[in-house]
Each structure stands twice: as C-alpha cells, then as structure tokens.
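K.L.:
Residue numbers (the working numbering), protein chains in the order written: chain A, 105 to 233; chain B, 84 to 227.
We put the beta carbon where it would ideally sit given N, CA and C, even for glycine.
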Amino acid sequence: MATMTTTNQAAASTRQERPERAARTISPPVDIYETEKTYVLLADMPGVMPSGLEVVAERDELIVRGRVERPAAAPDYQEFELEDYYRAFTLTEDLDTDGISATLRDGVLRVEIPKSPGVQPKKIPVRTE
Amino acid sequence: METRSMRDPWQEMRRLQREMEHMFTDFTPAWRWPLTGEYPPMNFTRGDKDIAVEALCPGADRASLEVSVVGETVTIRGERHAEPGVSDEQYHRRERPIGTFTRSLGIGDRLDPDRTQATYTHGILRMQLARVPEATPKKIPIQN
Numbered sequence: 105m106a107t108m109t110t111t112n113q114a115a116a117s118t119r120q121e122r123p124e125r126a127a128r129t130i131s132p133p134v135d136i137y138e139t140e141k142t143y144v145l146l147a148d149m150p151g152v153m154p155s156g157l158e159v160v161a162e163r164d165e166l167i168v169r170g171r172v173e174r175p176a177a178a179p180d181y182q183e184f185e186l187e188d189y190y191r192a193f194t195l196t197e198d199l200d201t202d203g204i205s206a207t208l209r210d211g212v213l214r215v216e217i218p219k220s221p222g223v224q225p226k227k228i229p230v231r232t233e
Numbered sequence: 084m085e086t087r088s089m090r091d092p093w094q095e096m097r098r099l100q101r102e103m104e105h106m107f108t109d110f111t112p113a114w115r116w117p118l119t120g121e122y123p124p125m126n127f128t129r130g131d132k133d134i135a136v137e138a139l140c141p142g143a144d145r146a147s148l149e150v151s152v153v154g155e156t157v158t159i160r161g162e163r164h165a166e167p168g169v170s171d172e173q174y175h176r177r178e179r180p181i182g183t184f185t186r187s188l189g190i191g192d193r194l195d196p197d198r199t200q201a202t203y204t205h206g207i208l209r210m211q212l213a214r215v216p217e218a219t220p221k222k223i224p225i226q227n
C-alpha cells in the first residue's frame, strides 16, 4: 500500500484496518494535502451527522469513525448501502495533536492538523542597511 | 521450435496498453478522472403515492446541483470542486473524485415534474418524485 509519508517530513500513513474489528465498516476515501503550517485531511462520509462523528487523536494515531442511520427497510432498487465508516492514520512526531480541528459539511469531514512549531518554516527578516 | 510461435499474441496489446496508461498517467493522474458512468450511486423506494430516490454525492457544490424529471426518468447533475488554491505537489493522497457528474435513472412510472421535491443533507441528495395519476375510466353515456 502506498503511503503518504514523504522522505524527510512524515505526516501520516494509512494503516491497515484492524482485523479484530467485527463490525462491518467502510473505509472512506480521503485526500491529504500539506500547507506551510498544517496537514489537511478530507474524507467522504455521506450519511454521517455531526452527532455520529468521532475523530480521536491519541498517541501516534488519528482515528476517524462515523455512524450512519440505516433505513428501516431495504430499498426497492439499490446501488449503495450505508455502512459505518472507520479509518485510522499514523501520526508522526512533527504534528501538533493538541491543535487538531475537525468540521463536517455535506458529508465531507475536514480535519486540520497543525505542524509542530519546530517544523514550520521560519521566516528570517532581512534588514537592509 | 520457432520462437515466433511462442509469442503471446496479447503481449503487444498489453505493452501498448501499458504505454497508453503511462501516457495518460503523466497528463491525467488517476485521481483526477471525471465523474462519469455510474456516479453517483442511487437507491429508490416506491411508496403508495410517490417514489423516494437517494443519490450518494458528498461534497457536491450546492449551486451546481440540478434535478430534472422527464417522463419516467429522473436526471441529476452536479459538480465536485477541487480544493481552491492547492497545487498538485501539495497532495500526499488523492482518493476522492472531482469533476462534474450526470446520472439518469429510469423509475418505471410516469412522473410529475411539477410535484418533485429535492433536498441535500449530509452529502445525500434526496428526491421525492410524484407519479402522474392514472387516467380514471370515464363512463360515456349512450345517446338514443
């Protein structure tokens, strides 16, 4: 499996879903990009309401869980089935886990993970004499 | 044994295919393919009076979403935008499709476009489609 870890500045690499999880879950598709100060993770999780969303960062792991409400009866014609979501990512030391923020809009989860101040590019002001 | 007869006739095709894929990968990375074909996936349930249709399309630009009903067919259109101001080099992973999508689904009942309702919540486009009432038999009086 390809990881998103770069050679010298690692952020998070996708981890295999844990085999011990018995409940059926879907791994949501994600985009991960990097800005100067943060890593941004976007995950498609349609059907999840804010009350059913859980984003947990503990130790070196970021876990995203989403619960969906399944319809009482199966549809007459069906191309998709709503399932709960689960995906875990490995966090590296260069990330500030205390500053993580998450928002949910139109079925897309957005998690912003600030880089630790030590790894953020520092601008050196240049004085002219 | 003639070496030529041992050649896999599909080998050249596969080589060409690989070259084509490589070529397209250079210009159009896999994560940027347009949303065509069977996107978004749809479900529907028939009720007594109306039909409830759901389409799974998270992150669609609300202004781009369109629902139209003609005859027995419902068509939805929309667009998913890329993140503004983010260059390709900034991405570590891109799995979410972006682009415009169009999907038509035949319901099998004549639909009334004037009584169609649609909402978009939590990334699911939900439509209530009303059937055109069946023509009721009319008694024709027989003249003497």
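1. May I ask which residues mark the beginning and end of the beta strand (DSSP E) holding D188/A?
2. Comparing C-alpha positions only, which one of P141/B, E149/B, T156/B, Q173/B sits nearest to A213/B?
3. Given 8 Å as the limit, is there contact between the segment 160 to 167 of chain B and the segment 189 to 199 of chain B, that is, 3 or more CB pairs closer than that?
4. What residue range does the beta strand (DSSP E) around H175/B cover?
5. Less than 6 Å between C-beta atoms, sequence neighbours within five positions excluded: which residues of the same chain meet that for I206/B?
6. Going along the chain, which residues of its own chain have a beta-carbon closer than 7 Å to the beta-carbon of V228/B, five neighbours each way excluded?
7. How about R214/A and Y190/A: do their beta carbons lie closer than 7 Å?
8. Which residue wins for smallest C-alpha separation from M210/B, given the options P220/B, S151/B, Y174/B?
9. Pull out every residue of the segment 182 to 205 of chain A whose Cβ sits closer than 9 Å to any Cβ of chain B, in chain order.
10. Opposite Q211/B in the DSSP bridges: which residues?
11. So, is the C-beta of R176/B closer than 7 Å to a C-beta in chain A?
12. Is M125/B close to chain A, meaning its C-beta is less than 7 Å from at least one C-beta of that chain?
13. Return the first residue and the last residue of the beta strand (DSSP E) that Q138/A is part of.
14. Which of the residues in the segment 125 to 152 of chain A, read from start to end, lie with their CB under 9 Å from any CB of chain B?
15. Compare the Cα-Cα distances from Q200/B to each of E137/B, N126/B, E121/B, P123/B and report the closest residue.
16. According to the neighbour-count rule (16 or more other Cβ atoms, all chains shown, within 10 Å of its Cβ), is K219/A buried or exposed?
17. Starting from T158/B, follow its DSSP beta bridges and name the residues at the other end.
18. Can you check which of these residues, S170/B, T202/B, R160/B, is closest to G182/B by C-alpha distance?
19. Using a Cβ-Cβ cut-off of 7 Å, state whether I159/B counts as contacting chain A.
P.N.:
Quick look at the numbers:
1. Numbered from its first residue, the first sequence carries residue 188/A at position 84. Taken as a continuous stretch (DSSP letters only), the beta strand (DSSP E) holding D188/A covers 188 to 195.
2. Residue mapping note: residue 213/B aligns to position 130 of the second sequence, counting from 1. For the residues P141/B, E149/B, T156/B, Q173/B, the minimum Cα distance to A213/B belongs to T156/B.
3. no
4. The count along the second sequence starts at 1 and reaches residue 175/B at position 92. Start and end: 174 to 177.
5. As a working note, residue 206/B is residue 123 in the second sequence. Contrary to the premise, residue 206/B reads as Gly rather than Ile in this sequence. For G206/B, where only same-chain residues beyond five positions count, the Cβ hits under 6 Å are P141.
6. The structure shown does not extend to residue 228/B, since chain B is modelled only from 84 through 227, so no value can be given for it.
7. Locating residue 214/A in the first sequence gives position 110, counting from the first residue. Locating residue 190/A in the first sequence gives position 86, counting from the first residue. Not in contact: R214/A and Y190/A (Cβ atoms no closer than 7 Å).
8. As a position in the second sequence, residue 210/B is number 127, starting the count at 1. That would be S151/B, whose Cα lies nearest to the Cα of M210/B.
9. Q182, E183, F184, E185, L186
10. For the purposes of this step, residue 211/B is taken as residue 128 along the second sequence, with counting starting at 1. Among the bridge pairs identified by DSSP, Q211/B is matched with A135/B, Q200/B.
11. In the second sequence, counting from the first residue as 1, residue 176/B sits at position 93. So, interface residue.
12. What you label residue 125/B is simply residue 42 of the second sequence in a count that begins at 1. For M125/B, the answer is yes, since a Cβ of chain A falls inside 7 Å of its Cβ.
13. The residue labelled residue 138/A in the question sits at position 34 within the first sequence. Checking the sequence, you will find Glu at residue 138/A rather than Gln. First-last of the beta strand (DSSP E) with E138/A: 134 to 138.
14. P132, P133, V134, D135, I136, Y137, E138, T139, Y143, V144, L145, L146, A147, D148, M149, P150, G151, V152
15. In the second sequence, counting from the first residue as 1, residue 200/B sits at position 117. Closest by alpha carbon: E137/B.
16. Counting from 1 along the first sequence, the entry for residue 219/A is found at position 115. The residue is buried, with at least 16 neighbouring Cβ atoms inside 10 Å.
17. Locating residue 158/B in the second sequence gives position 75, counting from the first residue. Answer by DSSP bridge pairing, in chain order: S151/B, S187/B.
18. Within the second sequence, the letter at position 99 stands for residue 182/B. When the alpha-carbon of G182/B is set against those of S170/B, T202/B, R160/B, the nearest one is in R160/B.
19. Walking along the second sequence from the start, residue 159/B turns up at place 76. I159/B does not count as touching chain A.
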